[in-house]
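Down below is the structure, laid out as structure tokens.
Numbering (the numbering used here), first residue to last: 1090 to 1468.
Below you can see the structure in the form of structure tokens.
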């Protein structure tokens, strides 16, 4: 028997589809068993993978880690263990940049299993009752606030991790994809976006600065207070009948001056530890979990949010998830990709705290940007 250990993230979307895929994999590979542990969403985004590679064969990973993994030799180079035919098929069938983001320095370090970007969530029933139209731009968003009755709220996911993602999204939407150059964020672009974020606060649910997407979506699914959230990572779970009391719908987020740029890319790749004792089998499962036949069926049916284009184009999947895929596909295809150089994640974690604390204290936006770029120089 070969036993592989995997680490997923602690949400049904994070572990249930991988467990289901592992059980299906075992049918054709009876000598292989895969045991999954979980870590929190924050740990998924922030925990160094150096602490995982000795304990786990399979690691779910965020794409900005690719540079660090390459520099320190942390992950298996999958092109050495998957056939060119398998890799080409994954590339052809992946949505947007979901395949490319797990490559660094001409090596493939993960397969794309989960696609996500910041999207808008809304209560379709309440929006129809109020009689308002969802905003498509930053300007329309501010008008949207003023048309809501006082008993309904808009919420943003602005805890440190998520305020960082929104900050980068708005920078890209306003100034294009190249606002970060040579480890420097354009100071004027960043300060303008921080000013913009501050200007929204008076219209938002007062808990917005504390919430992550799951907390907002749970609230939307259980209560009738929050009717709209313009920028949060989408979860198909909430658009499936019966997951929560109320059905939550999703749409593309409002855009800025760069109308061909949506929001920041998230999602999950499945990587293999460089220290695994079973590189061939582990790589085979990583390719298997990303394949169209698994992504389109077992993966999605078990709460997953696939990265495979065929799964997103499936009419059955769209029916299961109340048009989640059709209504947000443009966002994935036009998403902004974060830097991946070594040290980015260290900068990202501390930079998120700088922006969050600065906005809470209403620190001058230029000062926040100076602090942010001084930190970036040290990475």
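Note that beta-carbon positions come from the ideal geometry of N, C-alpha and C, so glycine has one too. If you're wondering where the values come from, they're calculated on a predicted model, not measured in any experiment.
Distance, residue j Cα to residue i Cα
i	j	result
residue 1422	residue 1297	27 Å
residue 1209	residue 1351	11 Å
residue 1116	residue 1236	55 Å
residue 1370	residue 1466	41 Å
residue 1262	residue 1412	25 Å
residue 1454	residue 1195	38 Å
residue 1266	residue 1346	12 Å
residue 1293	residue 1182	39 Å
residue 1442	residue 1174	43 Å
residue 1157	residue 1462	20 Å
residue 1436	residue 1425	18 Å
residue 1228	residue 1140	44 Å
residue 1404	residue 1201	21 Å
residue 1331	residue 1376	31 Å
residue 1112	residue 1190	27 Å
residue 1393	residue 1152	18 Å
residue 1409	residue 1177	29 Å
residue 1244	residue 1271	34 Å
residue 1120	residue 1468	44 Å
residue 1429	residue 1357	14 Å
residue 1258	residue 1150	20 Å
residue 1333	residue 1092	35 Å
residue 1147	residue 1114	14 Å
residue 1363	residue 1142	7 Å
residue 1406	residue 1216	24 Å
residue 1313	residue 1108	33 Å
residue 1281	residue 1123	48 Å
residue 1256	residue 1118	45 Å
residue 1276	residue 1101	39 Å
residue 1128	residue 1349	35 Å
residue 1165	residue 1186	21 Å
Classification of residue i by the beta-carbon crowding that lies within 10 angstroms, buried from 16 upward
i	result
residue 1398	buried
residue 1288	exposed
residue 1144	exposed
residue 1449	exposed
residue 1090	exposed
residue 1338	buried
residue 1251	buried
residue 1302	buried
residue 1232	exposed
residue 1395	buried
residue 1273	exposed
residue 1382	exposed
residue 1220	exposed
residue 1446	exposed
residue 1379	buried
residue 1366	exposed
residue 1106	buried
Start and end residues, alpha helix (DSSP H) containing residue i
i	result
residue 1454	1454–1467
residue 1399	1398–1401
residue 1253	1249–1264
residue 1358	Where residue 1358 is concerned, there is no enclosing alpha helix (DSSP H), although the beta strand (DSSP E) it sits in stretches over 1357–1361.
residue 1308	1302–1311
residue 1388	Run containing residue 1388: none; DSSP gives neither H nor E here.
residue 1369	1368–1379
residue 1436	1433–1449
residue 1173	1173–1182
residue 1406	1404–1409
residue 1161	1155–1161
Opening and closing residue of the beta strand (DSSP E) in which residue i lies
i	result
residue 1339	1338–1340
residue 1125	1121–1128
residue 1211	1207–1211
residue 1147	1147–1150
residue 1318	1315–1322
residue 1202	1200–1203
Bridge partners - residue i, DSSP secondary structure assignment
i	result
residue 1092	1122
residue 1098	1128
residue 1193	1196
residue 1425	1353
residue 1344	1226
residue 1243	1293, 1317
residue 1269	1274
residue 1164	1362
Beta-carbon separation (whole angstroms), residue i vs residue j, contact threshold 8 Å
i	j	result
residue 1110	residue 1104	Between residue 1104 and residue 1110 the Cβ distance is about 11 Å, and since that is not below 8 Å, they are no contact.
residue 1368	residue 1170	6 Å
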